[in-house]
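With this note's numbering applied, the sequence shown closes on residue 67, and no number is skipped along the way.
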Amino acid sequence: RSIGAMVLIHSDNTGLVLPPRIAAVQVIIIPCGITVNSTENERKTLCDKCEEYE
């Protein structure tokens, strides 16, 4: 029951964010590789791939 309550309290439509005492490792996804020479299609593909991991 306590795990279920914790998940309900710390989750929303974009996922689950647990407090540091429960999940000691934090992950942040940063898209890298977008340059001035990148096409709009390449930028969109990279951002779409990053969003798949969310």
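Here a beta-carbon is modelled for each residue, glycine too, at the ideal position from N, C-alpha and C.
Query raised in the report: What is the rounded straight-line gap between the Cα of ASN26 and the Cα of ILE41?
Result: Counting from 1 along the sequence shown, the entry for residue 26 is found at position 13. Counting from 1 along the sequence shown, the entry for residue 41 is found at position 28. ASN26 and ILE41: Cα-Cα distance of roughly 17 Å.
**Report entry** Reduced DSSP secondary structure (H/G/I, E/B, other) of SER51
**Finding:** In the sequence shown, counting from the first residue as 1, residue 51 sits at position 38. Coil at SER51, not helix or strand.
Query - Extent of the continuous alpha helix (DSSP H) run through GLY17 - result: Along the sequence shown, one-based indexing puts residue 17 at 4. Here the alpha helix (DSSP H) through GLY17 covers 15–23.
**Report entry** Nearest-angstrom Cα separation, counted from ARG14 out to GLY46
**Finding:** By one-based count along the sequence shown, residue 46 stands at place 33. By one-based count along the sequence shown, residue 14 stands at place 1. The alpha-carbon atoms of GLY46 and ARG14 are separated by roughly 44 Å.
Requested in this report: From the DSSP output, in three-state form, read off SER59 for me.
Outcome: Position 46 of the sequence shown holds residue 59. Inspection of the sequence shows that residue 59 is occupied by Leu rather than by Ser. The answer is helix: DSSP assigns LEU59 an H, G or I state.
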